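Report on the structure given below.
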Amino acid sequence: MTGPDRVDTTSADFADRYGPWALVAGASEGVGAAYARAMAERGLNVVLLARRQAALDEVAAAIRADTGADTRTVAVDLSLDGAMETIVKETAGLDIGMVMYCAGADPNYEPFLANPVETALAMVERNCVVPLRICHHFAAPMQARGKGGIVLLSSAAGLYGAANMVAYGATKAFDTVMAEALWAELHGKGVDVLALVLGATDTPALRRLMVRRGALSDLDDTAPIPGAIPLNQVVTEAIANLSNGPTWFASDQLRDSARQLGTLTRSDAVKAMLRHTSGGVMSGGSRQEAAQ
Ligand SMILES: NC(=O)c1ccc[n+]([C@@H]2O[C@H](COP(=O)([O-])OP(=O)(O)OC[C@H]3O[C@@H](n4cnc5c(N)ncnc54)[C@H](OP(=O)(O)O)[C@@H]3O)[C@@H](O)[C@H]2O)c1
Numbered sequence: 000m001t002g003p004d005r006v007d008t009t010s011a012d013f014a015d016r017y018g019p020w021a022l023v024a025g026a027s028e029g030v031g032a033a034y035a036r037a038m039a040e041r042g043l044n045v046v047l048l049a050r051r052q053a054a055l056d057e058v059a060a061a062i063r064a065d066t067g068a069d070t071r072t073v074a075v076d077l078s079l080d081g082a083m084e085t086i087v088k089e090t091a092g093l094d095i096g097m098v099m100y101c102a103g104a105d106p107n108y109e110p111f112l113a114n115p116v117e118t119a120l121a122m123v124e125r126n127c128v129v130p131l132r133i134c135h136h137f138a139a140p141m142q143a144r145g146k147g148g149i150v151l152l153s154s155a156a157g158l159y160g161a162a163n164m165v166a167y168g169a170t171k172a173f174d175t176v177m178a179e180a181l182w183a184e185l186h187g188k189g190v191d192v193l194a195l196v197l198g199a200t201d202t203p204a205l206r207r208l209m210v211r212r213g214a215l216s217d218l219d220d221t222a223p224i225p226g227a228i229p230l231n232q233v234v235t236e237a238i239a240n241l242s243n244g245p246t247w248f249a250s251d252q253l254r255d256s257a258r259q260l261g262t263l264t265r266s267d268a269v270k271a272m273l274r275h276t277s278g279g280v281m282s283g284g285s286r287q288e289a290a291q
């Protein structure tokens with residue numbers, strides 16, 4: 000976690016550089032909720048966006064009580080038509096200096112042909128179309144002000160093709176490359192852009208998937224998910240590397256795996272992923288990194 004231009008994560012400079020408002024898409028739980036809280040702790044107000052109004056309200060109330068930050072919640076399904084219009088309307092008049100696009104996991108981990116094509120298209124809408132539109136809308140004022148930050152959540156699943164992740168992996172490759180290319184255009188203009196690549200991370204969504212697939216037994220178990228990156232590590236690494244884009248892998252293990260796979264040809268890397276996932280059948284916790 001070193002870099003030429005490391006962000007001061009604690010001082011008022013942070014709020015000046017990335018405030019006054021942060022927009023976090025996918026903020027009702029997990030990484031997004033933790034990142035929204037971390038922004039509020041650094042002096043930013045936060046707009047929290049997800050589908051479940053009650054869960055958003057709970058996260059927002061806790062953030063307000065603990066930090067004194069202002070919050071807004073926007074209940075919107077990012078895979079449906081009209082999502083962007085809702086976001087534009089609900090954020091009108093706010094100076095958004097930080098965007099984190101978090102919503103994006105695949106709740107299914109199933110073969111491409113197991114679901115109607117609309118399932119894959121909804122993922123493309125949520126993981127590609129809407130974040131692209133969000134970046135276009137919110138990066139313009141950031142560029143004009145000469146400051147701001149954009150973090151797009153991506154996945155190791157976007158590095159190479161793998162079974163059961165046809166649409167998911169492809170959308171995550173899109174997110175990584177979009178963030179990297181935005182970084183190329185914007186970092187010289189004062190706007191930090193980061194593709195934050197995760198492996199298996201201890202989120203409620205991963206827990207639900209693992210319980211559904213029999214890799215964990217209890218949805219209400221509060222013990223850490225074995226082998227998964229803790230939420231606080233993801234948030235800490237994200238903030239520490241905001242200005243060290245274009246890409247950051249969020250754990251040592253992931254950085255090692257990516258380095259090893261990078262020594263192979265793409266074809267061999269895909270075959271290695273196939274072996275890792277037992278020919279496409281996810282059989283246990285160690286497979287979850289590929290699943291997300
Ligand atoms: N967890 C992992 O192991 C892992 C691994 C690699 C990469 N990642 C990436 O990390 C990010 C977060 O993953 P996650 O595990 O926390 O799961 P997630 O399903 O992306 O959930 C994160 C948030 O997104 C919201 N969300 C999901 N679908 C939405 C939709 N259609 N419209 C609006 N909001 C939506 C959820 O709230 P609501 O249900 O209230 O809408 C939740 O607040 C994703 O981009 C994922 O690709 C995760």
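Residue 291, in numbering that gives the first Met the number 0, is where the sequence shown stops; the numbers in between run on with no holes.
In this text, a Cβ means the ideal position worked out from N, Cα and C, and glycines have one as well.
Here the structure is a predicted model, which means the values were calculated and not measured.
Which of the three DSSP states, helix, strand or coil, is assigned to Asn44?
Strand at Asn44.
Does the contact criterion of 3 or more C-beta pairs under 8 Å hold for the segment 53 to 71 versus the segment 33 to 45?
yes
For the segment 198 to 259, list the beta strand (DSSP E) runs that are entirely contained and at least 3 residues long, ordered along the chain.
246 to 248
DSSP state of Val123 mapped onto helix, strand, coil
helix
With H, G and I counted as helix, E and B as strand and the rest as coil, what does DSSP make of Ser266?
Secondary structure of Ser266 (DSSP, three-state): helix.
Quick check: the Cα distance between Val123 and Ala60, rounded to an integer number of angstroms?
31 Å
Per-residue DSSP class, three states only, for Arg71
In the structure shown, Arg71 sits in a strand (DSSP, three-state: E or B).
Can you tell me whether Arg125 sits near ligand 1, meaning its C-beta is under 8 Å from at least one heavy atom of the ligand?
yes
DSSP state of Met97, grouped into three classes?
strand
Met164 and Tyr108: beta carbons closer than 9 Å?
yes
Own chain, CB closer than 8 Å to Gly278, minus 5 neighbours either side, in chain order
Unreliable positioning characterises Gly278 in this predicted model, as indicated by a pLDDT of 44, which lies under 50. The coordinate reading is nonetheless provided below. Ala162, listed in sequence order.
Using three-state DSSP, classify Ala14 as helix, strand or coil.
helix
So what's Ala60 in DSSP terms, helix, strand or just coil?
helix
Give every residue of the same chain whose Cβ lies closer than 7 Å to the Cβ of Val129, excluding the five residues on either side of it in the sequence, and list them in chain order.
Within the same chain, and ignoring the five residues on either side of Val129 in sequence, the residues whose Cβ sits closer than 7 Å to its Cβ are Leu77, Ala82, Met83.
Give a yes or no on whether the C-beta atoms belonging to Ile149 and Cys127 are separated by under 9 Å.
no
Between His275 and Tyr34, what straight-line distance do the alpha-carbon atoms span, to the nearest angstrom?
Distance between His275 and Tyr34, taken at the CA atoms: about 31 Å.
Do Gly157 and Phe173 have their beta-carbon atoms positioned less than 9 Å apart in this structure?
yes
Assuming Gly96 and Gly147 make a contact with CB atoms under 8 Å, what is their CB distance in whole Å?
5 Å
Using 8 Å as the Cβ pair cut-off and three pairs as the minimum, do the segment 21 to 31 and the segment 49 to 63 touch?
yes
Near ligand 1: Pro203 beta-carbon under 8 Å from a heavy atom
yes
Quick one: is the Cβ of Val75 within less than 8 Å of any heavy atom of ligand 1?
yes
Using a Cβ-Cβ cut-off of 7 Å (strictly less than) and excluding sequence neighbours within five positions of Ala154, which residues of its own chain qualify?
According to the sequence as given, residue 154 is Ser; it is not Ala. Lys171, Val196, Leu197, Gln291.
Taking the beta carbon of Ala113 as the centre, do at least 16 other beta carbons fall within 10 Å, making it buried, or is it exposed?
The Cβ neighbour count for Ala113, taken over all protein chains shown within 10 Å, is under 16; the residue is labelled exposed.
If you pair each beta-carbon of the segment 255 to 273 with each one of the segment 217 to 229, do three or more pairs fall below 8 Å?
By the Cβ rule, the segment 255 to 273 does not count as touching the segment 217 to 229, because fewer than three pairs are nearer than 8 Å.
Considering only residues of the same chain and omitting the five flanking positions on each side of Met141, which have a CB-CB separation below 6 Å?
Take Met141, set aside five residues on each side of it, and the residues of its chain with a beta-carbon closer than 6 Å to its own are Gly147, Val190, in chain order.
Less than 8 Å between the CB of Gly18 and some heavy atom of ligand 1, yes or no?
Checking every heavy atom of ligand 1 against the Cβ of Gly18, none is found closer than 8 Å.
Out of curiosity, what's the CA-to-CA distance linking Thr262 and Asn231?
30 Å
For Gly18 and Met99, I'd like the C-alpha separation in whole angstroms.
13 Å
Find the nearest neighbour of Ala21 within the set Asp94, Leu253, Val58, Ser256, judged by alpha-carbon distance.
Asp94
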